[in-house]
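Enquirer: Here the sequence shown is numbered in this note's numbering, starting from 982 and rising by one per residue. In this text, a Cβ means the ideal position worked out from N, Cα and C, and glycines have one as well.
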Amino acid sequence: MSEQTWTVVDLLRWTTEHFAGLGIESPRLDAEVLLANTLGTGRLELYLHYDKPVTRAERSAFRELVVRRGGDRVPVSQLVGRREFWSLPLRVTGEVLTPRPETETLVETALELLPDVDAEVRVLDVGTGTGAIALAIARERPKARVVATDISPAALQIAAANADELQLNDRVRFLAGSLFEPVAGERFDLVASNPPYLVRGSVGLAPELAHEPEVALFAGDDGLEVLRPLVAGVSEVLEDRGKLVVEIDPSQADAVSALCESAGLVDVQIRRDLAQRPRVVAAWKAEA
Ligand SMILES: C[S@@+](CC[C@H](N)C(=O)[O-])C[C@H]1O[C@@H](n2cnc3c(N)ncnc32)[C@H](O)[C@@H]1O
């Protein structure tokens, strides 16, 4: 008996419905990214080869990814080992947070606060993960010198590999340690950070988060365990008129603004993400 022929479009339709039925947020996109990855092509090429039959070996490799995505809820970024952030293709594993689109709001804010493209500014990214923020700023400000730190040596290895691939390793330095410990005695024009800020055990967390490192996600009973010392200590490493830009959970806008004021920072501002949720707090160190 002849086997049924499965084409690209058949597999996309079937998988999209399957993922939607499981409550996956972006079923069509996930199906496209996984199939393109299996076929070693780009997403757009799928549309050019809609009616192309998919071989048995390719289907079997694709099925494995579909099971891990649908059953175990492994994030697509980890299944394909990549995620694009600020148009930079970044390597991603389970040892590091997958960069989120919301964090592009932080990068936008940082660039607004560093308006001179050719300035030789010094920038610190605390908790760099894949290097997303540090590398985006280094790409956009070609004379900036960036230090990127993380408490996780595994994350730093991935960040350094990303810097190598993007040929930004001559201007981005990676240091291991907590908060400002690795940069004691140094001064920066801007400190950026997307620290862990989720409350452990909070309800409604996406099942995909189980595949990301806890140290990248959770910050104590109120989500401020890292933000609190970060804001309190930032003046030590900021130049006069230096800026702080931090990502927050939308529920933390008032609390983090108050932390900035208590730390003596001025001109505290809140920026919203594309979904209009408060997402970034920015503030300045007043002149001495
Ligand atoms: C939410 S992730 C952000 C990763 C990356 N910056 C991004 O935006 O995609 C937080 C990062 O902070 C790191 N981290 C957690 N606690 C830290 C601490 N006390 N000092 C430095 N880094 C820390 C984690 O290892 C993780 O890589």
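With a 10 Å radius around its C-beta and 16 neighbouring C-beta atoms as the bar for buried, classify Leu1003 as buried or exposed.
Expert: Counted from its first residue, the sequence shown places residue 1003 at position 22. Its Cβ having fewer than 16 others within 10 Å, Leu1003 is exposed.
Enquirer: If you count every other CB in all the chains shown that lies within 10 Å of the CB of Ala1100, and 16 or more means buried, which is it?
Expert: Along the sequence shown, read from residue 1 onward, the residue named residue 1100 stands at position 119. Exposed.
Enquirer: Once DSSP output is grouped into helix, strand and coil, what is the label at Val990?
Expert: The sequence position of residue 990 within the sequence shown is 9, counting from 1. Three-state result, Val990: helix.
Enquirer: Check whether the Cβ of Asp1032 lies closer than 7 Å to any heavy atom of ligand 1, and answer yes or no.
Expert: Taking the sequence shown and counting its residues from 1, the one referred to as residue 1032 is at position 51. Result no, Cβ not under 7 Å from ligand 1.
Enquirer: Assuming Val1226 and Ala1173 form a contact by the criterion Cβ under 8 Å, report the distance between their Cβ atoms to the nearest whole angstrom.
Expert: Within the sequence shown, residue 1226 is the residue found at index 245, counting from 1. Within the sequence shown, residue 1173 is the residue found at index 192, counting from 1. That belief holds up - the Cβ atoms of Val1226 and Ala1173 are roughly 5 Å apart, short of 8 Å.
Enquirer: According to DSSP, simplified to helix, strand and coil, what is Ser1174?
Expert: Start at 1 with the first residue of the sequence shown, and residue 1174 comes out as number 193. Strand, per DSSP.
Enquirer: With three or more C-beta pairs closer than 8 Å as the rule, is the stretch 1151-1159 touching the stretch 1017-1026?
Expert: The answer is no - the stretch 1151-1159 does not touch the stretch 1017-1026, with fewer than three Cβ pairs under 8 Å.
Enquirer: Just the Cα atoms here: how many angstroms apart are Val1057 and Val1014?
Expert: Taking the first residue of the sequence shown as 1, we reach residue 1057 at position 76. Taking the first residue of the sequence shown as 1, we reach residue 1014 at position 33. Their Cα atoms are separated by approximately 8 Å.
Enquirer: Nearest to Leu992 by alpha carbon, out of Arg1040, Leu1010, Glu1006 and Ile1005?
Expert: Looking up residue 992 in the sequence shown gives position 11. Checking every option, the nearest Cα to that of Leu992 belongs to Arg1040.
Enquirer: Would you call the CB atoms of Phe1066 and Ala1117 closer than 8 Å?
Expert: Here residue 1066 corresponds to residue number 85 of the sequence shown, with the count starting at 1. Here residue 1117 corresponds to residue number 136 of the sequence shown, with the count starting at 1. Against a cut-off of 8 Å, the Cβ pair of Ala1117 and Phe1066 comes out as a contact.
Enquirer: Taking contact to mean 3 or more Cβ pairs, one atom from each stretch, closer than 8 Å, check whether the stretch 1066-1077 and the stretch 1228-1247 are in contact.
Expert: Short answer: they don't touch.
Enquirer: Which whole runs of the alpha helix (DSSP H) in the stretch 1013-1093 are 4 residues long or more, in chain order?
Expert: For the stretch 1013-1093, whole alpha helix (DSSP H) runs of length 4 or above, ordered along the chain, are 1024-1029, 1037-1051 and 1057-1061.
Enquirer: Express the C-alpha separation of Val1048 and Ser1007 in angstroms, rounding to a whole number.
Expert: Along the sequence shown, one-based indexing puts residue 1007 at 26. Along the sequence shown, one-based indexing puts residue 1048 at 67. Spanning the two alpha carbons is a distance of roughly 16 Å.
Enquirer: Three or more C-beta pairs closer than 8 Å, one from the stretch 1101-1110 and one from the stretch 1174-1190: is that the case here?
Expert: Output reads yes: the stretch 1174-1190 touches the stretch 1101-1110.
Enquirer: If we count the other Cβ atoms within 10 Å of its Cβ and call it buried at 16 or more, is Thr1090 buried or exposed?
Expert: For this step, residue 1090 is matched to residue 109 along the sequence shown. The residue is buried, with at least 16 neighbouring Cβ atoms inside 10 Å.
Enquirer: Look at His999 and Gly1052 and say whether their C-beta atoms are less than 8 Å apart.
Expert: Position 18 of the sequence shown holds residue 999. Position 71 of the sequence shown holds residue 1052. Contact: no.
Enquirer: Check this for me: beta carbons of Val1261 and Thr996, under 8 Å apart or not?
Expert: As a working mapping, residue 1261 is identified with position 280 in the sequence shown. As a working mapping, residue 996 is identified with position 15 in the sequence shown. Contact: no.
Enquirer: Determine the closest residue to Val1035 out of Gln985, Val1055 and Pro1082, with distance taken between C-alpha atoms.
Expert: Translated into positions along the sequence shown, residue 1035 becomes position 54. Considering only alpha carbons, the answer is Gln985.
Enquirer: Check each candidate in Val1218, Ile1251 and Gly1223 and name the one with the smallest Cα separation from Ser1232.
Expert: Locating residue 1232 in the sequence shown gives position 251, where the first residue counts as 1. Among Val1218, Ile1251 and Gly1223, the Cα nearest to that of Ser1232 belongs to Ile1251.
Enquirer: The alpha helix (DSSP H) that contains Arg1253, what's its start and end?
Expert: The count along the sequence shown starts at 1 and reaches residue 1253 at position 272. Counting along the chain, Arg1253 falls outside any alpha helix (DSSP H), though it belongs to the beta strand (DSSP E) covering Leu1246 to Arg1253.
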